[in-house]
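In my numbering, the protein residues as written are 213 to 673.
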């Protein structure tokens with residue numbers, strides 16, 4: 213059925229009304245970005261003039277754009293002064309953050325808390341704490357053209373998400389360059405990943421609400437000289453990332469590695485493993501521990517693995533006695549993997565890999581969705597679960613140390629006392645030297661803090 217003239221006129225009128233309702237709010241030095249966010253309506257764009265803004269910005273509404281104005285190389289800068297935890301936190305859907313410089317925070321540069329349909333573009337993030345860009349439990353997102361450095365966990369950390377593209381970013385001088393963790397349908401394409409401890413990591417953290425990590429394409433990236441000393445929080449999962457790691461695939465399925473330039477990574481170019489690779493992780497019966505159906509297509513690799521594990525070098529020298537380098541090492545138990553051309557790689561552990569039938573992923577241009585994901589409708593009795601998924605699970609796995617203590621340890625301390633845990637969430641006090649200071653979560657409504665405390669204390673896995 214073709215639309216009639218009245219339908220077309222009504223659609224145009226609705227579009228004009230929507231555009232008329234949207235407005236631009238300009239923030240000048242001396243004003244606060246948060247005041248503009250508070251005043252903004254869905255559809256509004258907040259334009260930030262160059263200057264220094266010493267604040268944390270919370271975006272708890274939908275369809276708002278934060279856009280910096282860059283003039284003659286001068287950026288609008290969110291300055292944490294090493295006293296603020298987070299630069300930008302968003303829980304709304306349809307959020308865009310672009311053209312912002314973010315420096316000297318303790319926790320996160322830009323963190324998404326269960327927001328869908330997000331765009332994080334052309335930001336410059338330096339020494340922003342634990343995570344640089346961190347969308348958690350979001351769907352349908354784009355992270356592109358950002359530059360990040362000096363991050364003590366992951367510069368770009370896509371956690372428990374679906375349908376995310378990570379494109380054309382530069383990440384360096386961090387522990388992990390780009391992490392795709394407990395996520396489905398992600399593309400990591402065209403990034404310059406250099407001088408980190410580990411370049412690109414695709415892996416599962418057991419004990420999180422999302423139990424799988426699959427359908428990830430890693431292609432067209434420069435993964436170069438990732439030999440930085442590991443300065444992660446001791447005991448955290450990324451503290452076990454070996455200095456000199458190019459690409460790590462751990463307990464992840466259907467990962468395709470194609471057309472990357474991988475060179476100068478002294479521990480290994482591509483490492484494939486299961487969860488047994490990290491000995492301190494508590495097992496999760498709902499997370500399959502192996503990396504299955506990994507596909508290694510055409511990549512350019514040289515000068516990797518000169519400081520590989522002794523047993524890896526020995527295995528390589530069993531077939532090439534004078535070998536000094538190892539491009540690829542599979543030390544896991546996963547099955548059904550393939551390599552397009554084994555002869556082009558200095559490899560260990562690929563004897564069981566077949567020849568790939570797929571030649572290229574070029575037909576897959578994006579994993580973002582054609583239509584926006586509907587805004588989450590959260591029932592009153594599900595607010596605790598939603599807050600745990602969208603906020604707490606970024607630092608607390610059930611039985612493993614991530615950034616904060618495992619949920620099991622929290623249960624042992626607070627079982628039967630949800631009110632006390634809710635109070636601590638709002639006003640935490642650092643009591644253990646082996647964990648970083650927890651940022652106050654007092655921006656979360658009091659009733660939601662109590663519900664998330666009850667939810668955490670009732671978790672079984």
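Note that beta-carbon positions come from the ideal geometry of N, C-alpha and C, so glycine has one too.
Using the C-alpha atoms, what's the distance from residue j back to residue i?
| i | j | result |
| --- | --- | --- |
| residue 416 | residue 356 | 23 Å |
| residue 253 | residue 235 | 8 Å |
| residue 342 | residue 533 | 42 Å |
| residue 552 | residue 524 | 22 Å |
| residue 452 | residue 242 | 43 Å |
| residue 611 | residue 420 | 9 Å |
| residue 261 | residue 238 | 7 Å |
| residue 590 | residue 659 | 14 Å |
| residue 536 | residue 604 | 44 Å |
| residue 402 | residue 430 | 9 Å |
| residue 224 | residue 233 | For residue 224, the pLDDT reaches just 40, beneath the cut-off of 50, and the residue's location in the model is therefore unreliable, leaving the point undetermined. |
| residue 496 | residue 503 | 15 Å |
| residue 350 | residue 326 | 5 Å |
| residue 653 | residue 602 | 13 Å |
| residue 229 | residue 257 | Reliability of the predicted coordinates at residue 229 is poor, the pLDDT of 35 falling under 50, and the value obtained from them is presented with this limitation in mind. Spanning the two alpha carbons is a distance of roughly 16 Å. |
| residue 588 | residue 270 | 18 Å |
| residue 323 | residue 369 | 9 Å |
| residue 556 | residue 458 | 17 Å |
| residue 446 | residue 665 | 26 Å |
| residue 488 | residue 284 | 51 Å |
| residue 248 | residue 540 | 50 Å |
| residue 518 | residue 512 | 17 Å |
| residue 394 | residue 501 | 12 Å |
| residue 288 | residue 296 | 17 Å |
| residue 655 | residue 638 | 8 Å |
| residue 474 | residue 439 | 13 Å |
Quick check on this structure: which residue in the options has the alpha carbon closest to the alpha carbon of residue i?
| i | options | result |
| --- | --- | --- |
| residue 164 | 558, 336 and 572 | Missing from the structure shown is residue 164; the chain here goes from 213 to 673 and no further. |
| residue 648 | 663, 571 and 613 | 613 |
| residue 622 | 582, 672, 576 and 585 | 672 |
| residue 577 | 335, 307, 379 and 350 | 379 |
| residue 627 | 668, 640 and 407 | 668 |
| residue 382 | 288, 375 and 411 | 411 |
| residue 245 | 638, 458, 278 and 571 | 278 |
| residue 319 | 308, 333, 311 and 268 | 268 |
| residue 259 | 654, 280, 393 and 422 | 280 |
| residue 560 | 250, 400 and 526 | 526 |
| residue 387 | 425, 404, 450 and 521 | 450 |
| residue 317 | 310, 468, 488 and 361 | 361 |
| residue 328 | 273, 251, 540 and 646 | 273 |
| residue 405 | 315, 620, 393 and 456 | 456 |
| residue 514 | 275, 531 and 436 | 436 |
Put residue i into one of helix, strand or coil per three-state DSSP.
| i | result |
| --- | --- |
| residue 241 | strand |
| residue 288 | strand |
| residue 591 | coil |
| residue 279 | strand |
| residue 633 | helix |
| residue 644 | coil |
| residue 602 | helix |
| residue 525 | helix |
| residue 650 | coil |
| residue 486 | coil |
| residue 420 | coil |
| residue 413 | strand |
| residue 449 | helix |
Enumerate in chain order the residues of its own chain whose CB-to-CB distance from residue i is below 6 Å, with the five nearest sequence positions on each side excluded.
| i | result |
| --- | --- |
| residue 454 | 479 |
| residue 485 | 462, 543 and 544 |
| residue 336 | 313 and 359 |
| residue 547 | 504 |
| residue 367 | 344, 360, 383, 386 and 389 |
| residue 470 | 431, 509 and 573 |
| residue 414 | 392, 428, 461, 464 and 467 |
| residue 499 | 416, 418 and 423 |
| residue 663 | 595 and 596 |
| residue 299 | 290, 314, 317 and 321 |
| residue 331 | 308 and 354 |
Identify every residue that forms a DSSP beta bridge with residue i.
| i | result |
| --- | --- |
| residue 401 | 379 and 431 |
| residue 550 | 507 and 566 |
| residue 361 | 338 and 384 |
| residue 347 | 324 |
| residue 313 | 289 and 336 |
| residue 269 | 300 |
| residue 436 | 406 and 475 |
| residue 498 | BP columns for residue 498 are empty, so no partner. |
| residue 469 | 430 and 508 |
Among residues of its own chain, excluding the 5 on either side of residue i, which ones have a beta-carbon nearer than 7 Å to its beta-carbon?
| i | result |
| --- | --- |
| residue 632 | 626 |
| residue 606 | 346, 348 and 371 |
| residue 221 | With a pLDDT of only 35 at residue 221, under the threshold of 50, the placement of this residue in the model should not be trusted, and no figure is reported. |
For residue i, I'd like the list of residues in its chain whose CB is within less than 8 Å of its CB, leaving aside the five on either flank, ordered along the chain.
| i | result |
| --- | --- |
| residue 549 | 484, 503, 504, 505, 506, 507, 508, 542, 562, 564, 565 and 566 |
| residue 217 | Low local confidence applies: a pLDDT of 39 at residue 217 is under 50, so the model's placement there is unreliable, with the coordinate-based value given in what follows. The answer is none, since no qualifying residue turns up. |
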